[in-house]
Amino acid sequence: MTYCVAVKLQAGMVFLSDSRTHAGIDQISTFRKMIVYENPGDRFMVLLSAGNLSISQSIRELLQTEQLHDPDGGEPITIWNARSMFDAARVLGSAVRHVYERDGEALRRSGIEFNASLIFGGQIRGEGMRLFQVYSPGNFIEATAETPFFQIGESKYGKPVLDRLITPETPLADATKCLLISMDSTLKSNLSVGLPLDLAVYEADRFSSDQVVCIDEHNAYFRALRGAWSAKLREAFDQLPAPDWSVAGELAAPSPRHRALRKITHPRDRLI
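Take a look at the structure:
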């Protein structure tokens, strides 16, 4: 299992991935899930992957050489000459389908599902930033203002903080903090997600980034952030009012629409 998350904001984009891969409780390894493609001044793209490791590695390798026919008669379309992120995502989808055509039947005979989840985003000169989630059949969806982030892998533990805090107007620094907290929540609750982390922060219209870093257990900022988040959560929890079961208490006040749950007190009581 793994956890990868990416967000598209007005100010830029943030990508974050863990690096734990396992095939059982005694077969735990470290494999990077993020690849950065950069041609300074022209394009900046990031690929995050989750799912079957052999499939995702094959897709990443094939993506380097995958080509699409140009209906206008130009040279074949690759991720390096695509004129839009949509076309680059189409190239990625084609690479996914080629791996399926090559390995899908053999995997199925071995009882292995063709399982790959990908996040692909960035910016190509001439258009704005775009972010896509790509599925196992090679099809994809695009992030919108209403849904500015995508998660793949073990997403449930880190989603609540994203839902509460992330909007298109969120500053890059705040979004970076939010994604790291999202990852920390996942690390805390699921042992199949683990350090080190790969983080890439991209500022809109720069077409390059020098904010790409690997975060391990020795990273001072991440350690401080984790500690502060835990302490603030405990502080906020301690300040919440305790439930009041008295007659005048708000918790025990009867609902105007629903009766309290009926107790079963005798073997002959009907359930309904």
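Residue numbers for the sequence shown, in numbering that gives the first Met the number 0: 0 to 271. Glycine is no exception: its CB is placed at the ideal position from the N, C-alpha and C atoms. All values derive from a computational prediction rather than experimental measurement.
Item                                                                                                                            : Value
The ligand PLP heavy atom lying under 6 Å from the CB of L270                                                                   : This structure lacks the ligand PLP, and indeed carries no ligand of any kind.
Residue-chain proximity (E234, chain B), Cβ-Cβ < 7 Å                                                                            : Reference to chain B is not applicable here, since this structure consists of a single protein chain.
For E202, the three-state DSSP class (helix, strand or coil)                                                                    : strand
First through last residue of the beta strand (DSSP E) which encompasses K176                                                   : Taken as a continuous stretch (DSSP letters only), K176 belongs to no beta strand (DSSP E), being part of the alpha helix (DSSP H) at 171-188.
Reduced DSSP secondary structure (H/G/I, E/B, other) of A49                                                                     : strand
Contact set for M44: own chain, Cβ-Cβ below 6 Å, skip 5 residues either direction                                               : Y36, G121
At least 3 beta-carbon pairs within less than 8 Å: the stretch 123-139 vs the stretch 83-96                                     : yes
Pair within 7 Å by beta-carbon distance, T1 and D17                                                                             : yes
N-terminal and C-terminal residue of the beta strand (DSSP E) that Y36 is part of                                               : 33-38
Secondary structure, beta strand (DSSP E): runs of 3+ residues fully inside the stretch 70-121                                  : none
Local Cβ density within 10 Å of T166, reported as buried at 16 or more and exposed below that                                   : exposed
Within 7 Å, strictly: CB atoms of F113 and F131                                                                                 : no
Pair within 7 Å by beta-carbon distance, V13 and P147                                                                           : no
Contact the stretch 68-75 vs the stretch 92-111: 3+ CB pairs below 8 Å                                                          : no
Between the CA atoms of G11 and A141 - distance to the nearest angstrom                                                         : Sequence inspection shows Glu at residue 141; the Ala mentioned does not correspond to that position. For E141 and G11, the distance between alpha carbons rounds to 16 Å.
Local conformation of R129 per DSSP, three classes                                                                              : strand
Option in A144, T169, L179, L171 with minimal Cα separation from K158                                                           : L179
Nearest-angstrom Cβ-Cβ length linking R31 and G193, presumed shorter than 8 Å                                                   : About 12 Å separates the two Cβ atoms, so there is no contact after all.
Residues bridged to I123 (per DSSP)                                                                                             : R42
Alpha-carbon spacing of T169 relative to E202, whole angstroms                                                                  : 13 Å
Contacts around E216, its chain only, beta-carbon distance under 6 Å, and the 5 residues preceding and following it disregarded : L194
Top-ranked residue by Cα proximity to I151, from D183, A241, P266, L47                                                          : L47
Span of the beta strand (DSSP E), counted from its first residue to its last, around Q210                                       : 210-214
Enclosing alpha helix (DSSP H) for F236 [first to last residue]                                                                 : 219-238
Pairwise C-alpha distance: D102 and R108                                                                                        : 10 Å
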